[in-house]
Amino acid sequence: MPFKDQTTSASQTVLTEAGAARAPRPSNHNGCLIVIYGHQIGRRVQVGTEPLTIGRSPNCEIPVDQESVSRRHCRIQLEDGEFLVRDLDSTNGTYVNDAPVDPQGRLRHGDQLMVGRTILKFIVGDDVEVQYHEEIYRLMTTDGLTQLNNRRYFDDMLDREVARAKRYKRTFSLMVFDLDHFKRVNDRFGHLGGDAVLRQLGAILLGRLRVNDVLARIGGEEFALITPEVGLDGATELASKIHRLIGDTRFEFEGSAVKVTVSVGVAEWQHEYEDAGDLLKTADDKMYAAKRAGRNRVCS
Numbered sequence: 004m005p006f007k008d009q010t011t012s013a014s015q016t017v018l019t020e021a022g023a024a025r026a027p028r029p030s031n032h033n034g035c036l037i038v039i040y041g042h043q044i045g046r047r048v049q050v051g052t053e054p055l056t057i058g059r060s061p062n063c064e065i066p067v068d069q070e071s072v073s074r075r076h077c078r079i080q081l082e083d084g085e086f087l088v089r090d091l092d093s094t095n096g097t098y099v100n101d102a103p104v105d106p107q108g109r110l111r112h113g114d115q116l117m118v119g120r121t122i123l124k125f126i127v128g129d130d131v132e133v134q135y136h137e138e139i140y141r142l143m144t145t146d147g148l149t150q151l152n153n154r155r156y157f158d159d160m161l162d163r164e165v166a167r168a169k170r171y172k173r174t175f176s177l178m179v180f181d182l183d184h185f186k187r188v189n190d191r192f193g194h195l196g197g198d199a200v201l202r203q204l205g206a207i208l209l210g211r212l213r214v215n216d217v218l219a220r221i222g223g224e225e226f227a228l229i230t231p232e233v234g235l236d237g238a239t240e241l242a243s244k245i246h247r248l249i250g251d252t253r254f255e256f257e258g259s260a261v262k263v264t265v266s267v268g269v270a271e272w273q274h275e276y277e278d279a280g281d282l283l284k285t286a287d288d289k290m291y292a293a294k295r296a297g298r299n300r301v302c303s
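For this note's numbering, count along the sequence shown from 1 and bump the result up by 3.
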């Protein structure tokens, strides 16, 4: 999709990004959408027999006040026992599971609907209420954009690993990854492009995990990886492999290549540390040392 002119008028839309359609078949007409990323996280919208329109207009059943969202962006309706989503010729497109809706696709249980920078999860079935509360619990520990663990979960797990290291005199290491010049990505491709890069990076990191490792997005463009039972040398070797993998990966947004590099800080738990904050500060300091040394490198 080519970039379009960016404008902030009430009738026009600022350019942004993408997502996908897959096929679902609900067992009944009782469904809902849950906001898992964007404004009003956790908000639930009932989906039934009446059509619902999503868009920037306040007259839409589901208003989304974002410049990247068209006034009437997409519509969800029930047809022949199936929930369908139709893109209403929006500027930036409608996506299901990161694939574009063109112009119509079916929604099935668990699908993620992306409208602008807002992501909504679709759930349907006889136990929607139970599923809703389960999803709210999951949102407490999950980053809605990347579907990785969030900062809250990371802090809890880091504290647990510190307690374990103190009790059993075991070691572990922490890596902090920060995207270099991420503002340039947002400036060139818009926030949707930046979001796409973050999701791709999260998927790369996720693919390098062992069973007991803990990966989280802990800030805007910052990720952290806890590696139990791994000392500094092993963690540095792993960080270097991930760093090379990221450098060899072609990141894309709407068909355009996006240059992505990361600076990585690695630190090992030291028994003279008082708490998790000391280890995190050391890893952060190493990451900033990598930045000062020219970025796009690992420092331990």
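Note that CB positions come from ideal geometry on N, CA and C, so glycine has one too.
If you check the beta carbons only, do VAL301 and SER243 fall under 8 angstroms apart?
-> Translated into positions along the sequence shown, residue 301 becomes position 298. Translated into positions along the sequence shown, residue 243 becomes position 240. Cβ atoms of VAL301 and SER243: closer than 8 angstroms.
Please name the residue or residues paired with GLU82 in a DSSP beta bridge.
-> As a working note, residue 82 is residue 79 in the sequence shown. Partner(s): GLU85.
Which runs of the beta strand (DSSP E) fall wholly inside the stretch 213 to 287 and span at least 3 residues, in chain order?
-> 217 to 220, 225 to 231, 254 to 256, 259 to 261 and 265 to 271
Per DSSP, TYR156 is paired with what?
-> By one-based count along the sequence shown, residue 156 stands at place 153. The partner list for TYR156 (beta bridge, DSSP) is empty, contrary to what the question assumes.
Element boundaries [alpha helix (DSSP H), containing VAL133] = Position 130 of the sequence shown, counted from the start, is the residue given in the question as residue 133. That run of the alpha helix (DSSP H) goes 131 to 142.
Expected contact under 8 angstroms - CB spacing of VAL306 and THR97 to nearest Å | The structure shown does not extend to residue 306, since the chain is modelled only from 4 through 303, so no value can be given for it.
Pick helix, strand or coil for ARG163, following the three-state DSSP scheme.
-> Taking the first residue of the sequence shown as position 1, residue 163 is located at position 160. Three-state result, ARG163: helix.
Between which two residues does the alpha helix (DSSP H) harbouring LYS186 extend?
-> The residue labelled residue 186 in the question sits at position 183 within the sequence shown. LYS186 -> alpha helix (DSSP H) spans 185 to 209.
State the Cα-Cα distance for the pair PRO54 and VAL127, rounded to the nearest angstrom.
-> In the sequence shown, counting from the first residue as 1, residue 54 sits at position 51. In the sequence shown, counting from the first residue as 1, residue 127 sits at position 124. Distance between the alpha carbons of PRO54 and VAL127 is about 16 angstroms.
Any idea if ALA286 is buried or exposed, counting beta-carbon neighbours within 10 angstroms, 16 or more meaning buried?
-> Along the sequence shown, read from residue 1 onward, the residue named residue 286 stands at position 283. ALA286 comes out buried.
Going by CA-CA distance only, name the one from ASP162, HIS184, VAL72 and LEU228 that's closest to ARG120.
-> Residue mapping note: residue 120 aligns to position 117 of the sequence shown, counting from 1. It is VAL72.
Since ILE207 contacts LEU177 with CB under 8 angstroms, what's their CB separation in whole angstroms?
-> Within the sequence shown, residue 207 is the residue found at index 204, counting from 1. Within the sequence shown, residue 177 is the residue found at index 174, counting from 1. Contact flag wrong, Cβ pair sits at about 18 angstroms.
Answer yes or no: do GLY205 and PHE226 have a C-beta to C-beta separation smaller than 8 angstroms?
-> Reading the sequence shown from its first residue, position 202 is the one you call residue 205. Reading the sequence shown from its first residue, position 223 is the one you call residue 226. Yes. Within cutoff.
With a 10 Å radius around its C-beta and 16 neighbouring C-beta atoms as the bar for buried, classify ARG213 as buried or exposed.
-> Taking the first residue of the sequence shown as position 1, residue 213 is located at position 210. Answer is exposed; the Cβ neighbour count stays below 16.
For LYS294, which of helix, strand or coil comes out of DSSP?
-> Within the sequence shown, the letter at position 291 stands for residue 294. Helix at LYS294.
On the three-pair Cβ rule with 8 angstroms, is the stretch 144 to 159 touching the stretch 264 to 276?
-> no
Would you check if there are 3 or more beta carbon pairs closer than 8 angstroms linking the stretch 100 to 113 to the stretch 40 to 49?
-> no
In terms of alpha-carbon separation, which member of LYS124, ARG109, GLY108 and GLN107 lies closest to GLN115?
-> Residue 115 sits at position 112 when you count from the first residue of the sequence shown. The shortest C-alpha separation from GLN115 is found at LYS124.
Confirm, please, whether the CB-CB distance from VAL48 to CYS63 is below 8 angstroms.
-> The residue given as residue 63 occupies position 60 in the sequence shown. The residue given as residue 48 occupies position 45 in the sequence shown. In this structure, VAL48 does not lie closer than 8 angstroms to CYS63 by Cβ.
So, helix, strand or coil for ARG47, using DSSP?
-> Counting from one through the sequence shown, the residue named residue 47 turns up at place 44. It is a strand residue.
So, are the CB atoms of PHE350 and VAL50 less than 8 angstroms apart?
-> This structure cannot speak to residue 350, because the chain is shown only from 4 to 303.
Rounded to whole angstroms, how far is the Cβ of PHE175 from the Cβ of ALA168, which I believe are closer than 8 angstroms?
-> For this step, residue 175 is matched to residue 172 along the sequence shown. For this step, residue 168 is matched to residue 165 along the sequence shown. Contact flag correct, Cβ pair sits at about 6 angstroms.
For MET290 versus ASP158, is the C-beta distance shorter than 8 angstroms?
-> Walking along the sequence shown from the start, residue 290 turns up at place 287. Walking along the sequence shown from the start, residue 158 turns up at place 155. No, they are not a contact pair.
Run through DSSP, which three-state label would LYS172 get?
-> Counting from one through the sequence shown, the residue named residue 172 turns up at place 169. Coil, per DSSP.
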